[in-house]
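All remarks here apply to the structure that follows.
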Amino acid sequence: MSSTAGLFGTYGGRYVPETLVPALDELEAGWRDAQNDPAFHEELDALGRTFAGRPTPLTRAERFEPNKRLYLKREDLLHTGAHKLNNALGQAVLARRLGKRRIVAETGAGQHGVATATVCARFGFECVVYMGEEDIRRQRPNVERMHLLGAEVQPVELGTRTLKEATSEAIRDWITNVETTHYLIGSCVGPAPYPELVRELQAVIGREARAQFLEAEGRLPEVVIACVGGGSNAIGIFSAFVADPDVRLVGVEAAGAASLGTGRAAVLHGARSSVLADGDGQVTDAHSISAGLDYPGVGPEHAWLRDSGRADYVGATDEEALAAFRELTRLEGIIPALEPSHALARVRELDEEQVLLCLSGRGDKDLAEVLAH
Amino acid sequence: MKKLVIYLMSGHATPELAAAAVEGGADLVELGFPFSDPLADGPVIRRAAERALADGMRTRACLECLARTRELAPDTPLVPMTYAALLEAYGWDRFAAAAGGAGATSLIVADLPAGERPELRRVQLVAPTSTDERLRLAAEQTDGWLYLVTLTGTTGARNDLSPALAGLVERARAVTPVPLYAGFGISTPAHAHAAAQLADGVVVGSRAVEVAEGGPDALRAYVASLRQAIDAT
Ligand SMILES: Cc1ncc(COP(=O)(O)O)c(C=O)c1O
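Chains as they are written, first to last, in the working numbering: chain X, 1 to 373; chain F, 1001 to 1233.
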């Protein structure tokens, strides 16, 4: 593996202990193989249709935003309730091709943990999910779902007790059990080839949404907007529009976890990206009401899209997200997850009229947190 | 003679501890520069890193610790062991120059595998999972000796010496004449003795960090017990 592979501009790379390098090489080779194998794509398409509920619909949100033509890409209607399943299914098929039958994953909101536990049940894999104690507290229903699905949920008591520490622990487990285990990372972060692999598995969101928007409006959207935690739902929907120069791309981060807005170039979890870190490279804490956005890092491709000016990144506060959550629920009959509520909060002030928004997940998991505020 | 390497976390007491380790028979001292998210480390070194950071052991303070250690242990090779994040923040070349200026004889970057940034001279690590091709690459690029990670896992004491070490030594010998030092999971004189039968040097980390909490005398005695076990080869 050369030192320039897996780079997005100067971001990305493979900053991992040597123990993992052969596994990443193997994953990369397996991934290239799968991409060139029509049977892989057919299997994924079939799983999407018959198991996951693809294609997901596009819904006009006229009462939420009467002054625009706002369309929601309904990943909340995907099986397990969020876009995370697209990636989990793809990586499960890949893991089976690689002969790995034990899966480790990290989770913040619990949506990726549930998606991973679901595909492990479906494929008969052993499943261990690392989750910070703070997130176990605030996303209780998802912990119970993982247990029912047969996954082992490993509480992480270190440091911030959130997604950052859960990710570190999942990687340490992978280092220890690398010969038998696939690390099913939940976003477009981590060492190469993960950021690219996760983008390609989430690109189905953008492919469908592009065709659906064209059908509904007879044109492309002027702006595509999505929330950004690690950045996988955003990169999935952006990927279909990156080559359309007239389509503006907007990512919305949690104001207290704005890795792109206030971060700096640093190394975290195997990649160089934009990270909330101090001048010594020590990673600092993120804060968000939304467990899925409460992460001090972001996928390296987003850092590159920011630097190149192709995408804009803005923030939304906890309060703004909560207000948007309530409004969408009352005006459209759709209870969104807190993560995409951050994107909803920024829609009204957009200059553009034709808007495509990735509604990445549903809000059942967040009810306790919302009712407490 | 087989080499004994002792790892210590940077801290206010570390220069005196390093001197005690040298008196006890350490041939080389690794100085941990703590990182907030150390993927290669088990619980003991992780906790030590957290404490060090809480104590203000940022890069500049670690370099001062290194310089002071150099004064107290003038003839012992000193090797900072850290993570890529610190070099990225400080500047890769600038970090290497500053470490050298403070008395470092080489560097170890736990999450910078062979092939990445080949221009940075450092001790390369190899693991039981490394292919022969990667062993060769690491040996070509390494600075003086090759660090053999004895097991697939993070740092930390284990009950037994890893059974993977013998095979790794054999594969490494087949591709390179550079000295091979074995580390990760080695904590008792018995482990050190057994590892020294196979490799050219032995690295002790987590257990040394724990013993060092008891002060220089405890560390000196512990290192002497390792030294004795290794020399009994
Ligand atoms: C519904 C939902 N949206 C978004 C995210 C954030 O992840 P990403 O930025 O990778 O899409 C999560 C993460 O848990 C989520 O559950």
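Ideal Cβ positions, reconstructed from N, Cα and C, are used throughout, including at glycine.
Nearest Cα to residue 1161 of chain F within the set F:1174, F:1198 and F:1030: F:1198.
Cβ atoms of residue 16 of chain X and residue 186 of chain X stay farther apart than 8 Å, at about 17 Å. Look at residue 259 of chain X: its beta carbon is at least 6 Å from all of the heavy atoms in ligand 1. In this structure, the C-beta of residue 91 of chain X stays at least 6 Å away from each heavy atom of ligand 1. Each of X:86, X:20, X:55 and X:369 was checked against the Cα of residue 337 of chain X, and the nearest Cα belongs to X:369. Residue 292 of chain X is positioned such that its CB atom lies closer than 7 Å to that of residue 339 of chain X. Annotation: Cβ neighbours of residue 1126 of chain F in chain X (cutoff 7 Å, chain order): 18. Not one heavy atom of ligand 1 lies closer than 6 Å to the C-beta of residue 53 of chain X. Taken through DSSP and simplified to helix, strand or coil, residue 141 of chain X comes out as helix. Here DSSP, grouped into helix, strand and coil, assigns residue 8 of chain X to strand. Residue 39 of chain X: not part of any beta strand (DSSP E); member of the alpha helix (DSSP H) spanning 38-47, first to last residue. Residue 50 of chain X and residue 1088 of chain F have their C-alpha atoms spaced approximately 46 Å apart. In this structure, the beta-carbon distance from residue 1031 of chain F to residue 1080 of chain F falls below 7 Å.
Exposure of residue 35 of chain X is indicated by the presence of fewer than 16 other C-beta atoms within 10 angstroms of its C-beta. Straight across, the Cα-Cα distance linking residue 1047 of chain F with residue 1057 of chain F is about 13 Å. With a cutoff of 6 Å, residue 1187 of chain F does not count as near ligand 1, since its C-beta is closer than that to no heavy atom of the ligand.
Within the region 95-147 of chain X, the complete alpha helix (DSSP H) segments of 4 residues or longer fall at 111-123 and 133-138, listed in chain order. The continuous alpha helix (DSSP H) containing residue 204 of chain X extends over residues 194-217. A straight-line Cα-Cα distance of about 28 Å links residue 1134 of chain F and residue 1008 of chain F. Taking C-beta separations shorter than 7 Å and ignoring five residues to either side along the sequence, the partners of residue 1216 of chain F in its chain run 1016, 1017 and 1020, following chain order. Neighbourhood of residue 172 of chain X in chain F, by CB distance below 7 Å: 1039 and 1154, in chain order. Counting only Cβ-Cβ distances below 7 Å, residue 1112 of chain F has contacts in chain X at 15, in chain order.
Unbroken alpha helix (DSSP H) stretches of 4 residues or longer found wholly inside the region 306-356 of chain X: 318-332 and 338-345, given in chain order.
The beta-carbon of residue 1122 of chain F is placed no less than 7 Å from the nearest beta-carbon of chain X. About 6 Å separates the beta carbon of residue 1165 of chain F from that of residue 1195 of chain F, a gap short enough to meet the 8 Å contact definition. With a threshold of 7 Å between beta carbons, residue 1084 of chain F makes contact with chain X. In terms of side-chain proximity, the C-beta atom of residue 111 of chain X is found nearer than 6 Å to a non-hydrogen atom of ligand 1. When C-beta atoms of the region 139-147 of chain X are compared with those of the region 109-119 of chain X, three or more pairs fall below 8 Å, so the two segments count as touching. The beta carbon of residue 272 of chain X sits closer than 6 Å to those of 11 and 13, all from its chain and outside the five residues before and after it, given in chain order. Taken through DSSP and simplified to helix, strand or coil, residue 232 of chain X comes out as helix. For the region 1057-1068 of chain F, the set of residues with a beta-carbon nearer than 9 Å to any beta-carbon of chain X comprises 1058, 1059 and 1060, in chain order. Within the same chain, 1157 and 1207 come within 6 Å of residue 1187 of chain F by CB-CB distance, once the 5 residues on both sides are set aside. Taking the Cβ atoms as the reference, residue 1230 of chain F lies roughly 6 Å from residue 1202 of chain F, within the contact range of under 8 Å.
Identification of chain F residues near residue 268 of chain X by a Cβ-Cβ cut-off of 8 Å yields 1037 and 1085, ordered along the chain. Judged by beta-carbon spacing, residue 224 of chain X lies beyond the 7 Å limit of residue 251 of chain X, meaning their Cβ atoms are not closer than that value. Beta-bridge partners of residue 73 of chain X (DSSP): X:58 and X:358.
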